[in-house]
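Written below as structure tokens is the structure these notes are about.
Numbering (my numbering), first residue to last: 310 to 470.
Shown next as structure tokens:
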């Protein structure tokens, strides 16, 4: 650890602690330099790690928590939404609401988008057609950029920062 950096640790009860500056460790009363870190109610950490600019931790429900020291460096997060459609013999492609049990992310009230929604042309390593769609037999099948005779569903992913 470099002189002047903070040290972060978890105690046996999964509570995070912080020691201000490496130089304090060498003092006689080194236990007085450690301070318990305030965490949200009910959150207990499985692990934490730190760099000179941020601290991150993973709780026992596998949620990632990030604390960034105030700086001029922006943090960018990519958000995305899917559009789902099913082929109908009478009217062609029709929008469907797909409930797959995955809860929507709750973004921080401090998060603000710096772009507009755009079509993502590569979803999970699979390219899309010219309009941004991927096709499959059903919603649980592997998706492809090709619309074949057995393509009954399609998806498009929109992304923004």
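Glycine included, each C-beta is placed from N, C-alpha and C at the ideal position. Only a predicted model underlies this, so the values are computations on that prediction, with no experimental measurement involved.
Would you decide whether residue 462 is buried or exposed? Buried here means 16 or more other CB atoms lie within 10 Å of its CB. For the purposes of this step, residue 462 is identified with residue 153 of the chain shown, where counting begins at 1. Residue burial annotation: residue 462 is buried, with at least 16 other C-beta atoms found within 10 angstroms of its C-beta.
Does the Cβ of residue 426 have 16 or more other Cβ atoms within 10 Å, making it buried, or fewer, making it exposed? Within the chain shown, residue 426 is the residue found at index 117, counting from 1. Residue 426 is exposed by the Cβ-count criterion.
DSSP three-state label for residue 325, please. Numbered from 1 along the chain shown, position 16 holds the residue referred to as residue 325. DSSP places residue 325 in strand when its eight states are reduced to three.
Can you list, in chain order, the stretches of the beta strand (DSSP E) that have 3 or more residues and sit fully within the region 433-462? 442-445
Give the secondary structure of residue 405 by DSSP, where H, G and I count as helix, E and B as strand, and everything else as coil. By 1-based counting over the chain shown, the position of residue 405 is 96. Three-state result, residue 405: strand.
Sort out for me which residues DSSP pairs residue 354 with in a bridge. Working through the chain shown from its first residue, we reach residue 354 at position 45. For residue 354, which the question treats as bridged, DSSP gives the partners 368.
Measure the C-alpha to C-alpha separation of residue 397 and residue 424 and round it to an integer number of angstroms. As a working note, residue 397 is residue 88 in the chain shown. As a working note, residue 424 is residue 115 in the chain shown. One C-alpha to the other measures close to 34 Å.
Rounding to the nearest angstrom, what Cα-Cα distance links residue 411 and residue 385 in this structure? By one-based count along the chain shown, residue 411 stands at place 102. By one-based count along the chain shown, residue 385 stands at place 76. Bear in mind that the predicted position of residue 411 carries a pLDDT of just 49, short of 50, making it unreliable; the figure below should be weighed with that in mind. In a straight line, the C-alpha of residue 411 is about 22 Å away from that of residue 385.
What's the C-alpha gap between residue 444 and residue 368? In the chain shown, the residue the question calls residue 444 occupies position 135. In the chain shown, the residue the question calls residue 368 occupies position 59. Taking the straight line from one Cα to the other gives about 37 Å.
Alpha carbon of residue 459 to alpha carbon of residue 449, nearest angstrom: Translated into positions along the chain shown, residue 459 becomes position 150. Translated into positions along the chain shown, residue 449 becomes position 140. Cα to Cα, the separation comes out at about 14 Å.
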